[in-house]
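Chemist: Residue numbers (this note's numbering): 529 to 798.
Even glycine gets a Cβ: it sits at the ideal position worked out from N, Cα and C.
Pasting the structure below:
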């Protein structure tokens, strides 16, 4: 049964996207928040929106739909000075029928309450019986950061890169987040892939203790529910995120992180 599901999964993504990793959460926090960013700073944020670069590092692992033959590994590192941010991240999906690796290099410029960023992504994929293929994609994003309200917009594959006459997905995401009191955050976003309908997302987080933050998210069309937590001790953290699926098992994502200092959103919301 598992082999059949794997084949359906891989076949559907190869035919539809020609790039699986772009549609999957890049971290445990994103898994819990259904991909929204303004509810918790995370070093993987620049993988979604290159304008949001957070100081720190993170290593993560998951099994897509809890299938042991579909492991996904991630690593993220971000560095930000007063005006400039740099990010390097990678996500690798491994299966004997199909493998894909993404390396992402991003830079962002922050001035007053605005941040604008861009990234280059190399996508290398290999399907059994086919040659290995590598493509270069370009992403763009900007954010406005306020004391309580923040908004962002990102476009993945803005150059409409194609591979073997098939285009990689162009993904648009718009998000607005609001800080509730000192410990809560609420975010709502819309994601649009060219050729498909809009996907509505919402997520929230609440810090129940200095070292514990709870996260919950919901995505409409397709309907998916996310939940998780961030457990912090000094500058280290252990993160967990669960994301459900309508027909398959939930995906459980675990990661460990190191934070150098407060994130982009945290600094503007002091």
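Identify the continuous alpha helix (DSSP H) that holds residue 573 and give its terminal residues.
Modeler: Looking at the DSSP string, the run of the alpha helix (DSSP H) that includes residue 573 is 573-576.
Chemist: Touch check for the segment 594-612 and the segment 641-654: three-plus C-beta pairs under 8 Å?
Modeler: These segments do not touch.
Chemist: Considering only C-alpha positions, which residue in the set 770, 766, 776 is nearest to residue 586?
Modeler: The shortest C-alpha separation from residue 586 is found at 766.
Chemist: Does the Cβ-Cβ distance between residue 651 and residue 682 come in under 9 Å?
Modeler: Contact flag unset, no.
Chemist: At a cut of 8 Å, does the segment 561-577 reach the segment 706-725 through at least three beta carbon pairs?
Modeler: Contact holds: three or more Cβ-Cβ distances are below 8 Å.
Chemist: Mark residue 562 as exposed unless 16 or more other C-beta atoms lie within 10 angstroms of its C-beta, in which case mark it buried.
Modeler: Buried, because 16 or more other Cβ atoms sit within 10 Å of the Cβ of residue 562.
Chemist: Going along the chain, which residues of its own chain have a beta-carbon closer than 7 Å to the beta-carbon of residue 584, five neighbours each way excluded?
Modeler: Once the five neighbours on either side are set aside, the close Cβ partners of residue 584 are 571, 606, 785, 786, 787, 788.
Chemist: What are the residues that DSSP puts in a beta bridge with residue 752?
Modeler: Answer is 747.
Chemist: Look at the Cβ atom of residue 668, then the Cβ atom of residue 686, and state whether they are nearer than 9 Å.
Modeler: Yes, the pair counts as a contact, with Cβ atoms nearer than the cut-off.
Chemist: Once DSSP output is grouped into helix, strand and coil, what is the label at residue 579?
Modeler: Coil.
Chemist: Compare the beta carbon distance of residue 772 and residue 754 with 9 Å and say whether it is the shorter of the two.
Modeler: Yes, they are a contact pair.
Chemist: Could you give the C-beta distance for residue 782 and residue 618, rounded to a whole number, given that I count them as a contact under 8 Å?
Modeler: That belief does not hold up - the Cβ atoms of residue 782 and residue 618 are roughly 17 Å apart, past 8 Å.
Chemist: Within 10 angstroms of its Cβ, does residue 719 collect 16 or more other Cβ (buried), or is it exposed?
Modeler: Buried, by the Cβ-count rule.
Chemist: Give the range of the beta strand (DSSP E) segment to which residue 560 is assigned.
Modeler: It is not in any beta strand (DSSP E) - residue 560 instead sits in the alpha helix (DSSP H) that spans 556-560.
Chemist: For residue 688, which residues in the same chain have their Cβ closer than 7 Å to its Cβ, ignoring the five residues on either side in sequence?
Modeler: The answer, listed in chain order, is 695, 698.
Chemist: Please report the straight-line C-alpha distance between residue 797 and residue 684, rounded to a whole angstrom.
Modeler: At residue 797, the pLDDT of 47 sits below 50, so the modelled position is not reliable; the number obtained from the coordinates is stated separately. Distance between the alpha carbons of residue 797 and residue 684 is about 27 Å.
Chemist: Is residue 634 helix, strand or coil by DSSP?
Modeler: Three-state DSSP puts residue 634 in a strand.
Chemist: Using the Cβ count rule (16 or more neighbours within 10 Å means buried), how would you classify residue 622?
Modeler: When all chains shown are included, residue 622 counts as exposed.
Chemist: Apply the 10 Å Cβ neighbour rule to residue 750 and answer buried if 16 or more other Cβ atoms are within range, or exposed otherwise.
Modeler: Residue 750 comes out exposed.
Chemist: Quick one: what's got a C-beta closer than 7 Å to residue 739's C-beta in the same chain, skipping five residues either side?
Modeler: The answer, listed in chain order, is 759, 760, 761.
Chemist: Taking the C-alpha atoms as reference points, what is the distance between residue 581 and residue 573?
Modeler: Rounded to the nearest angstrom, the two C-alpha atoms are 7 Å apart.
Chemist: Does DSSP classify residue 685 as helix, strand or coil?
Modeler: If DSSP states are grouped into helix, strand and coil, residue 685 belongs with coil.
Chemist: Do residue 712 and residue 729 count as a contact pair if the criterion is CB distance below 9 Å?
Modeler: In this structure, residue 712 does not lie closer than 9 Å to residue 729 by Cβ.
Chemist: Leaving aside the five residues before and after residue 557 along the sequence, list all residues of the same chain whose C-beta is less than 8 Å from its C-beta, in chain order.
Modeler: Once the five neighbours on either side are set aside, the close Cβ partners of residue 557 are 568, 570, 572, 743, 756, 758, 767, 769, 783.
Chemist: Whole angstroms is fine: what's the gap from residue 636's alpha carbon to residue 615's?
Modeler: Answer to the nearest angstrom: the Cα atoms are 9 Å apart.
Chemist: Alpha carbon to alpha carbon, how far is residue 597 from residue 736?
Modeler: Answer to the nearest angstrom: the Cα atoms are 36 Å apart.
Chemist: In this structure, what does DSSP give as the bridge partners for residue 772?
Modeler: Its beta-bridge partners do not exist; DSSP assigns none.
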